[in-house]
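Some notes on the structure that comes next.
2 protein chains.
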Amino acid sequence: MPESSPLVPVRDVPPNAEIHPGELEHPVTPTPAFFVRCNFPVPSIDPAEHRIRIGGAVERAFVVSVEELRAMELRTVEVTTECAGNGRIGMQPPAPGVPWDDRAVSTAVWTGVPLRLLLERAGVSDDAVEVRFDGADGGELAEAGRFVSYARSLPLEKALDPDTLVALEMNGEPIPAEHGAPTRLIVPGWYGMASVKWLTGIELVTEPFQGWFQRDRYVYDPDTGEAPTPVTSMRVRSIIHRPLEGSTVKPGTLHVRGWAWSGDGSITKVEVALGGGDQWVEAALESHTTSPYAWVGWSCSLEVRTPGRHLLRSRAWDSAGERQPDRPPWNRLGYGQNAVRTIAFEVH
Amino acid sequence: MPESSPLVPVRDVPPNAEIHPGELEHPVTPTPAFFVRCNFPVPSIDPAEHRIRIGGAVERAFVVSVEELRAMELRTVEVTTECAGNGRIGMQPPAPGVPWDDRAVSTAVWTGVPLRLLLERAGVSDDAVEVRFDGADGGELAEAGRFVSYARSLPLEKALDPDTLVALEMNGEPIPAEHGAPTRLIVPGWYGMASVKWLTGIELVTEPFQGWFQRDRYVYDPDTGEAPTPVTSMRVRSIIHRPLEGSTVKPGTLHVRGWAWSGDGSITKVEVALGGGDQWVEAALESHTTSPYAWVGWSCSLEVRTPGRHLLRSRAWDSAGERQPDRPPWNRLGYGQNAVRTIAFEVH
Numbered sequence: 001m002p003e004s005s006p007l008v009p010v011r012d013v014p015p016n017a018e019i020h021p022g023e024l025e026h027p028v029t030p031t032p033a034f035f036v037r038c039n040f041p042v043p044s045i046d047p048a049e050h051r052i053r054i055g056g057a058v059e060r061a062f063v064v065s066v067e068e069l070r071a072m073e074l075r076t077v078e079v080t081t082e083c084a085g086n087g088r089i090g091m092q093p094p095a096p097g098v099p100w101d102d103r104a105v106s107t108a109v110w111t112g113v114p115l116r117l118l119l120e121r122a123g124v125s126d127d128a129v130e131v132r133f134d135g136a137d138g139g140e141l142a143e144a145g146r147f148v149s150y151a152r153s154l155p156l157e158k159a160l161d162p163d164t165l166v167a168l169e170m171n172g173e174p175i176p177a178e179h180g181a182p183t184r185l186i187v188p189g190w191y192g193m194a195s196v197k198w199l200t201g202i203e204l205v206t207e208p209f210q211g212w213f214q215r216d217r218y219v220y221d222p223d224t225g226e227a228p229t230p231v232t233s234m235r236v237r238s239i240i241h242r243p244l245e246g247s248t249v250k251p252g253t254l255h256v257r258g259w260a261w262s263g264d265g266s267i268t269k270v271e272v273a274l275g276g277g278d279q280w281v282e283a284a285l286e287s288h289t290t291s292p293y294a295w296v297g298w299s300c301s302l303e304v305r306t307p308g309r310h311l312l313r314s315r316a317w318d319s320a321g322e323r324q325p326d327r328p329p330w331n332r333l334g335y336g337q338n339a340v341r342t343i344a345f346e347v348h
Numbered sequence: 349m350p351e352s353s354p355l356v357p358v359r360d361v362p363p364n365a366e367i368h369p370g371e372l373e374h375p376v377t378p379t380p381a382f383f384v385r386c387n388f389p390v391p392s393i394d395p396a397e398h399r400i401r402i403g404g405a406v407e408r409a410f411v412v413s414v415e416e417l418r419a420m421e422l423r424t425v426e427v428t429t430e431c432a433g434n435g436r437i438g439m440q441p442p443a444p445g446v447p448w449d450d451r452a453v454s455t456a457v458w459t460g461v462p463l464r465l466l467l468e469r470a471g472v473s474d475d476a477v478e479v480r481f482d483g484a485d486g487g488e489l490a491e492a493g494r495f496v497s498y499a500r501s502l503p504l505e506k507a508l509d510p511d512t513l514v515a516l517e518m519n520g521e522p523i524p525a526e527h528g529a530p531t532r533l534i535v536p537g538w539y540g541m542a543s544v545k546w547l548t549g550i551e552l553v554t555e556p557f558q559g560w561f562q563r564d565r566y567v568y569d570p571d572t573g574e575a576p577t578p579v580t581s582m583r584v585r586s587i588i589h590r591p592l593e594g595s596t597v598k599p600g601t602l603h604v605r606g607w608a609w610s611g612d613g614s615i616t617k618v619e620v621a622l623g624g625g626d627q628w629v630e631a632a633l634e635s636h637t638t639s640p641y642a643w644v645g646w647s648c649s650l651e652v653r654t655p656g657r658h659l660l661r662s663r664a665w666d667s668a669g670e671r672q673p674d675r676p677p678w679n680r681l682g683y684g685q686n687a688v689r690t691i692a693f694e695v696h
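Just so you know, the sequences run in chain order A and B. At the far end of the first sequence sits residue 348, using the working numbering, and the numbering has no gaps. At the far end of the second sequence sits residue 696, using the working numbering, and the numbering has no gaps.
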């Protein structure tokens with residue numbers, strides 16, 4: 001990608017890229033800057049031919065076309081989505097997997113059919129416990145030693161949430177190929193692995209789903225012999241986008257800005273620390289949207305007079321009472337790394 | 349400092365700077381690239397007028413000029429010196445103090461008078477327990493709330509080590525001002541705070557020294573209420589200088605090179621890991637010197653074929669059986685941070 005790309009590549013094949021630091025200032029991430037996470041090559045799907053099958057433990061299995069979905073009652077939700085592996089590079093020791101820095105997170109406005117409407121039309125059987133979502137992507141996985149298709153499940157309650165969408169549009173346009181065209185699931189508040197791209201199948205299942213991306217990957221493995229548990233909602237986190245890591249600012253008043261989000265409630269407080277130690281200053285929260293699923297802006301002003309290198313941190317609290325931890329919470333595969341990040345910048 | 353400076357400034361006043369990554373390849377650091385650590389403004393001392401006073405619990409106190417020192421039996425030792433705060437930026441959470449990355453470490457060839465000769469000439473009293481060294485540097489310290497002169501002590505045993513020097517030359521030239529001209533202590537194997545610069549006084553003391561830089565700074569404070577203990581020898585550590593953090597290399601065979609050192613013995617093994625997880629490869633050790641106090645070179649070759657971002661780590665063992673820890677060992681002031689460092693580089 002050229003120098004001016006709004007994305008920073010992490011893996012070339014399949015495409016995996018983080019939002020460029022310079023694009024973090026936008027409340028709604030411009031579509032070309034939205035982070036890209038692909039487990040397999042991007043499927044090429046003809047929207048005119050595309051169908052989603054709704055079946056399994058339902059009264060009336062059916063298939064639905066993109067055209068039919070477009071004719072249904074659509075809903076629009078602004079959602080911050082973060083990769084479950086975001087921040088993996090900061091694990092100590094680093095975990096195996098795609099080495100995401102901390103910018104595998106973006107915000108978009110998604111428009112689509114509430115999944116609930118499709119489930120109601122199908123009639124969910126009493127014995128259904130989860131909904132499995134099948135993507136069109138798949139391939140040979142060395143770690144699995146076999147061909148794996150992408151699939152993930154949701155508990156019924158989250159599947160029936162009115163804001164869980166089968167999305168057709170991203171920021172008012174058809175969804176680009178790398179983001180799941182023509183139809184993807186959007187699960188507000190959950191890490192990105194739940195928002196299955198290139199959605200082709202919705203299956204009501206009567207036992208918890210045991211697929212590769214449900215039980216072997218996207219799980220918290222405590223590495224103690226205890227059973228791993230599937231990754232679900234986004235842990236409370238914040239990111240600084242002004243000043244940027246490695247940037248140079250003039251001595252004087254420093255305007256610090258960033259975002260904070262949580263999948264388990266609203267952001268209640270953000271604090272900022274200049275330098276090491278335990279001196280924290282409360283930032284002002286500045287919501288740009290009424291969506292409970294979008295990150296919240298925050299800012300504060302600090303005086304920085306000493307020329308040279310300085311450190312800066314932010315930490316967020318959510319309405320569930322959780323705060324970002326000082327150190328990365330350990331799990332073998334490096335998911336949910338929401339520890340306070342220290343950035344360095346220069347004053348000159 | 350200009351872009352081409354062999355140093356990366358961390359604080360401008362007083363001067364504090366790390367060796368530039370591009371200068372790390374030298375077994376003996378070029379003098380202009382040697383890291384600079386100053387607690388106070390650099391004293392300006394006329395070598396012709398300079399005297400060191402040896403006194404306290406001795407039989408014969410005396411003063412000695414630079415000229416007299418030069419006429420004594422000189423010894424030359426190659427020594428790797430690391431700042432006790434090196435790596436502080438990697439503490440989680442970051443500690444207060446100068447935010448050193450991991451390049452406050454350098455190697456030089458020092459020539460000077462073994463301290464032992466001066467102590468023998470003075471005749472150490474039986475009740476002496478430590479030797480205090482006074483630097484000419486000092487100033488008002490906000491944290492201390494008073495004027496503090498730089499001073500540090502050594503136990504008698506280390507002071508009497510034949511390789512502990514009152515140095516007159518650095519890399520075959522008179523010591524530059526910022527490195528302690530005209531006379532500085534060199535304490536091989538210990539963190540830099542022990543190698544008192546601008547040395548003006550050597551005092552035998554009968555009680556453990558309680559000065560600011562002995563009891564309030566350069567101490568391991570466990571932050572648990574237990575008493576802090578003075579920082580002494582350098583913990584085992586390694587650094588990668590090829591590839592450099594953030595650099596881009598071509599797919600294929602990657603030649604990895606670096607240094608390893610310990611103040612508590614020789615380096616016995618270095619391992620390298622590509623990517624996250626626990627796959628380590630043993631590196632070959634390549635000593636360039638017979639000095640037991642200089643860092644040891646190491647190298648290995650790895651195959652890296654996948655374009656994109658990759659992680660690299662090294663970890664060293666010493667003959668005392670110590671290994672670099674996976675996570676920074678916590679202490680309140682951020683000293684002795686010798687954890688394995690993860691660097692990221694690009695393959696394209």
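Each residue gets a CB set at the ideal place from its N, CA and C atoms; glycine is no exception. Computed from a predicted structure; not experimentally measured.
- Within the same chain, Cβ atoms closer than 7 Å to the Cβ of Ile393/B are found at Ala484, Ala529, Pro530, Trp546, the five residues on either side in sequence being excluded.
- Among the residues of chain B, those whose CB is under 7 Å from the CB of Val10/A are Gly656, Arg657, following chain order.
- Using a CB distance cut-off of 8 Å, Val688/B counts as an interface residue toward chain A.
- Around the Cβ of Gly460/B, a 10 Å sphere holds 16 or more other Cβ atoms; the residue is buried.
- Around Arg436/B, the beta-carbon contacts reaching into chain A at under 8 Å are Gly276.
- Neighbourhood of Gly334/A in chain B, by CB distance below 9 Å: Gly624, in chain order.
- Going by C-alpha positions, Gly433/B is about 18 Å away from Trp643/B.
- Non-local beta-carbon contacts of Ser667/B in its own chain, meaning distances under 7 Å to residues more than five positions away in sequence, involve Gly613, Ser614, Thr616 in chain order.
- In the DSSP assignment, the residues bridged to Cys300/A are Val256/A.
- With 16 or more neighbouring CB atoms inside 10 Å of its own CB, Glu271/A falls in the buried class.
- In the three-state DSSP reduction, Met234/A falls in the coil class, being neither helix nor strand.
- Look at Ile89/A here: in three-state DSSP terms it is helix.
- Contact check for Phe383/B and Ser497/B: beta-carbon distance about 23 Å, past the 8 Å limit, so the pair fails to qualify.
- Taking a Cβ-Cβ cut-off of 8 Å, Arg242/A has no neighbours in chain B, whose nearest Cβ is about 19 Å from it.
- At a cut-off of 8 Å between C-beta atoms, Gly225/A does not count as an interface residue with respect to chain B.
- Taking the beta carbon of Gly258/A as reference, no residue of chain B falls within 9 Å; the closest one sits roughly 17 Å away.
- When 7 Å is used as the limit between beta carbons, Asp674/B is near these residues of chain A: Gln92, Pro93, in chain order.
- Excluding its 5 nearest sequence neighbours in each direction, Thr690/B has C-beta neighbours in its own chain below 6 Å: Leu659, Arg661, listed in chain order.
- Per DSSP, the beta-bridge partners of Val63/A are Arg53/A.
- In its chain, beyond the 5 residues on either side, no residue has a beta carbon closer than 6 Å to the beta carbon of Gly594/B.
- Contact annotation: in the segment 55-88 of chain A, residues whose CB is within less than 8 Å of a CB in chain B are Arg88.
- Contact between the segment 545-563 of chain B and the segment 395-410 of chain B is present: three or more C-beta pairs spanning the two stretches fall below 8 Å.
- Residues of the segment 442-455 of chain B that bring their beta carbon within less than 7 Å of a beta carbon in chain A comprise Pro442, Ala443, Pro444, Gly445, Pro447, in sequence order.
- 8 Å or more divides the Cβ of Ala159/A from the Cβ of Val129/A.
- If you ignore the 5 residues before and after Thr377/B, its C-beta comes within less than 7 Å of the C-beta of Ile367, Glu371, Ser454, Thr455, Ala456, all in its own chain and listed in chain order.
- Here the segment 225-237 of chain A makes contact with the segment 329-338 of chain A; the two share three or more CB pairs at distances below 8 Å.
- Looking at the DSSP output, Arg657/B sits in a beta bridge with Glu694/B.
- What Ala344/A touches in chain B, judged by beta-carbon distance under 8 Å, is Ile437, Pro447, Asp449, going in chain order.
- Take Arg401/B, set aside five residues on each side of it, and the residues of its chain with a beta-carbon closer than 6 Å to its own are Val411, Gly549, in chain order.
- The count of Cβ pairs closer than 8 Å, one atom from the segment 72-81 of chain A and one from the segment 183-195 of chain A, reaches three, so the stretches are in contact.
- In this structure, the straight-line span from the alpha carbon of Ile89/A to that of Val219/A is close to 17 Å.
- Within the same chain, and ignoring the five residues on either side of Glu25/A in sequence, the residues whose Cβ sits closer than 8 Å to its Cβ are His241, Arg242, Arg257.
- Annotation: the segment 611-642 of chain B contains the following complete segments of the beta strand (DSSP E) (minimum length 3 residues), in chain order: 615-622, 632-634.
- Take Lys598/B, set aside five residues on each side of it, and the residues of its chain with a beta-carbon closer than 8 Å to its own are Val695, His696, in chain order.
- Judged by pairs of C-beta atoms under 8 Å, the segment 512-521 of chain B touches the segment 459-473 of chain B, as three or more such pairs exist.
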